[in-house]
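Residue numbers (our numbering): 28 to 281.
Glycine included, every Cβ here is placed at the ideal spot set by N, Cα and C.
This one's a predicted model, so the numbers in the text were calculated from it and none came from an experiment.
Take a look at the structure below.
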Amino acid sequence: MSVKNDFKAFSAGNNANVVSQGRYEESKDLLTGFPPDDVPTHLLNKVLRQSSTIASVVANFIAEQSGEDVLDNGDITKLTAQLSKAFYVSAKRVGDIYLSAHPASDLAKGEYIANGAIHEIDSTVGRALNNLSDAYKAAWGIKQNGKKINLPNLFVDGRGIFVRAGLQPGVIQRDAIRNIQGDVGWWATGLFSRVSGAFYGVKASNNASAHHKEIPDQYSIFSYATFDASKVVPTADENRPLNVSMIPVIYLGV
């Protein structure tokens, strides 16, 4: 959808009735302004063209970067906010990936969730993806399949991933923990004299202990100790620090 820009350049045609730049700079009116009863039309047109051209350029910049209509309605506050937004958007580079605090329904123009979604290669998004460098596409798994192309995917097995510094972008390391090793020993028929913390006894008369109980027949019972970290710390199906979720987005500028 095209946006509207009310600010138009005045006297911008090739044959416009304007004074030359040299004569304009030499004019005494450049410093003092026009006298009350003598306003040369061609000089006035030059003044209007200069100011209106700059206004039109700035307004076009606001419209293109913000994706919003730029209206000549005297609302200075809104124009200021739109200009600030345009500067913010223009500072982004196509292909930038970052976390957004906004929900999916509130993403800015040009932002798309990096969830691996597939687009037609001839669509606006598809063309923007395909125009990224080969190195970028290879790093982030952007592949063309027939007439389709996919967004980067920052979700693995349905889980959002943490971002960390690295020399090669797009490399995903699976979750892991440092190795935990240990051993236990026992004397004679006693496995442990006691257990605590992440260990607990099984088939013992008291779960605070674990021992080897001998019965002089084929049904000997062996008590044992089990390690369960959830008895000491919170556990889950992944290793993670305290975190808050944000949406990973890719900026395509379209």
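Asked, Found
"Option in Gly197, Ser111, Val276 with minimal Cα separation from Ile124", "Val276"
"Rounded separation between Lys164 and Lys170 - CA only", "7 Å"
"Contacts around Asp96, its chain only, beta-carbon distance under 6 Å, and the 5 residues preceding and following it disregarded", "Val30, Lys31"
"Leu269 versus Phe254, Ala225, Phe189, Gly224, residue with shortest Cα-Cα distance", "Phe189"
"Touch test, the region 85-105 against the region 36-51, Cβ-Cβ under 8 Å, three pairs minimum", "no"
"Buried or exposed by the 16-neighbour rule on C-beta atoms within 10 Å, applied to Phe61", "exposed"
"Pick from Lys55, Asp65, Pro130, Asp64 that is closest to Ser272, judged by C-alpha positions", "Pro130"
"Secondary structure of Arg191, DSSP reduced to three states", "coil"
"Coarse secondary structure for Ile274, derived from DSSP in three states", "strand"
"Pair within 8 Å by beta-carbon distance, Asp33 and Leu98", "yes"
"Sequence-distant residues of the same chain with beta carbon closer than 6 Å to Asp202, five excluded per side", "Glu265, Asn266"
"Per-residue DSSP class, three states only, for Gln200", "coil"
"Beta-carbon gap between Ala263 and Ala225 smaller than 8 Å", "no"
"Assumed close pair Ala166, Gln200 - CB separation to whole angstroms, cut-off 8 Å", "Between Gln200 and Ala166 the Cβ distance is about 14 Å, and since that is not below 8 Å, they are no contact."
"Short Cβ contact (8 Å threshold) for Tyr278 with Val121", "yes"
"Asn100 to Gly40 span [Cα, whole Å]", "25 Å"
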